[in-house]
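Student: The structure is given below, and queries will be raised subsequently.
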Amino acid sequence: MINQLNAIAWDEEVRRNNYWTRIVGKEEIERARKGDVRIRITPTRYVPPSWLEGMKGKKVLLLASAGGQQTALLAAYGCTVTSIDISALQIEQDRKALKMYGLEAETVVSDMRDLSSYSGSSFSAVIIPHSLNFIEETESLYAEAARVLEKDGAFLFGVANPVLYLFDEKKEEKGKLKVKYTIPFSDEKSKSEKEKMKMIRKKDTFEYSHTLSSLLSPLFRHFILKDFYSDESGNKTVDSFIHDSFLAFRFIRA
């Protein structure tokens with residue numbers, strides 16, 4: 001049910017021209033063709049070049065990363081890309097970008113947690129922007145990512161800092177931060193039925209904050225942490241108070 005609601009919500013985000021749905025520009029594609037590929041898995045910072053070294057010519061799996069950006073950029077860089085996204089319109093943005101720039105990639109409308117179509121050790125890298133906040137449980141996704149990754153394959157992902165979900169959204173929109181919720185937050189469990197029905201009518205996404213323990217502890221069963229950075233949210237009110245609004249990780253398949 002929540003998956004279906006989020007698919008509808010992200011289709012609506014395409015219509016609203018959300019930043020993550022806008023097709024990448026020609027200049028960025030040409031730069032990627034020349035070996036300078038710049039992708040984001042958090043709102044404002046580019047992934048460090050060292051995180052993408054050695055990926056040219058390799059098979060890369062993008063999960064919940066459609067929207068005409070990362071898929072086209074990595075294809076232009078020379079990767080063999082598979083993009084999976086629950087939103088049909090987000091995948092359509094990928095397809096439009098690929099056609100626009102004469103590129104090729106596999107694009108699939110599906111839940112990012114269902115990787116049953118792919119055999120073990122199929123990919124050299126799995127990349128997820130900050131999309132883990134749209135699923136309630138992460139451990140099974142990590143296990144599947146590990147399964148389809150080859151040994152020493154890279155697992156890159158961004159995620160919202162759980163503390164972002166403490167605050168009253170309406171106050172935040174007015175430039176004020178007021179603690180309203182407890183962590184772990186869940187739109188499904190932390191809000192009233194009336195509030196949830198309003199979200200459905202507005203076609204808003206349903207999100208989950210997780211805890212740092214649930215986000216990180218299961219990773220160490222499959223991966224080795226190699227690098228990390230934090231990023232701003234792009235919201236001045238939040239960023240003036242929290243300097244690590246988003247977190248980005250580079251793990252290697254053990």
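Quick note, the sequence shown lines up with residues 1 to 254 if you use full-length UniProt numbering. All C-beta atoms in this analysis are idealised placements derived from N, C-alpha and C, irrespective of residue type, glycine included. Small disclaimer: the values here were computed from a predicted structure and weren't measured.
(1) First and last residue of the alpha helix (DSSP H) that includes K196?
(2) From the DSSP output, in three-state form, read off K151 for me.
(3) At the level of alpha carbons, what is the spacing between L52 and K151?
(4) Look at I127 and L216 and say whether their C-beta atoms are less than 9 Å apart.
(5) Please state if the CB of P129 and the CB of F157 are separated by a distance shorter than 9 Å.
(6) Tell me the residue span of the alpha helix (DSSP H) that contains residue 262.
(7) Going residue by residue through the segment 122-190, where are the continuous beta strand (DSSP E) segments of at least 3 residues, counting only ones entirely within it?
(8) Below 8 Å, can you find three or more Cβ-Cβ pairs linking the segment 87-95 to the segment 132-150?
(9) Could you check the C-alpha separation between S140 and R147 for me, to the nearest Å?
(10) Pull up the distance between the alpha-carbon of G54 and that of K180, whole angstroms please.
(11) Report the rounded CA-to-CA distance for H210 versus A72, giving the unit in angstroms.
(12) For I224, does the count of other Cβ atoms within 10 angstroms reach 16, so buried, or fall short, so exposed?
(13) What separation, rounded to the nearest whole angstrom, lies between the Cα atoms of H222 and G175?
(14) Give me the Cβ distance between A76 and Y46, rounded to the nearest whole Å; I'm assuming they're in contact under 8 Å.
(15) Pop quiz: N3 and I84 are said to be a contact at Cβ under 8 Å. What is the actual Cβ separation, rounded to whole angstroms?
(16) May I have the straight-line CA-CA distance separating S124 from Y19, to the nearest angstrom?
(17) By the three-class DSSP mapping on this structure, what secondary structure does Y77 have?
(18) Tell me whether F206 is buried or exposed, calling it buried when 16 or more other Cβ atoms sit within 10 Å of its Cβ.
(19) Residue range of the beta strand (DSSP E) that E106 falls in?
(20) Which same chain residues end up closer than 6 Å to T107 when comparing Cβ atoms and leaving out the 5 residues on each side of it in sequence?
(21) Tell me whether the beta-carbon of residue 256 lies closer than 9 Å to the beta-carbon of F249.
(22) If I measure Cβ to Cβ from F246 and keep anything under 8 Å in the same chain, skipping five residues before and after, which residues do I get?
(23) By the 10 Å Cβ neighbour count, where 16 or more other Cβ atoms means buried, how is G67 classified, buried or exposed?
Tutor: With the given structure in hand:
(1) E193 to K202
(2) strand
(3) Pairing L52 with K151, the inter-Cα distance amounts to about 16 Å.
(4) no
(5) yes
(6) Outside the shown range of the chain, which is 1 to 254, sits residue 262, and nothing can be said about it.
(7) Within the segment 122-190, the complete beta strand (DSSP E) runs of at least 3 residues are 123-128 and 149-160.
(8) No, because fewer than three Cβ pairs between the segment 87-95 and the segment 132-150 fall closer than 8 Å, the two stretches do not touch.
(9) 11 Å
(10) 45 Å
(11) 30 Å
(12) exposed
(13) 41 Å
(14) Contact between A76 and Y46 is absent: CB atoms are separated by about 15 Å, not below the 8 Å threshold.
(15) At roughly 13 Å, the Cβ-Cβ gap does not stay under 8 Å, so N3 and I84 are not in contact.
(16) 28 Å
(17) Residue state, collapsed to three classes: helix.
(18) Buried.
(19) Residues E106 to V109.
(20) For T107, same chain residues with a beta-carbon under 6 Å away, outside a window of 5 residues either side, are S83, I91, D94 and R95 in chain order.
(21) Nothing can be reported for residue 256, as the shown portion of the chain is limited to 1 through 254.
(22) T42, P43, H130, G158, V159, A160, N161, S230, D231, E232 and S233
(23) Classified as buried, G67 has 16 or more neighbouring CB atoms from the shown chains inside 10 Å of its CB.
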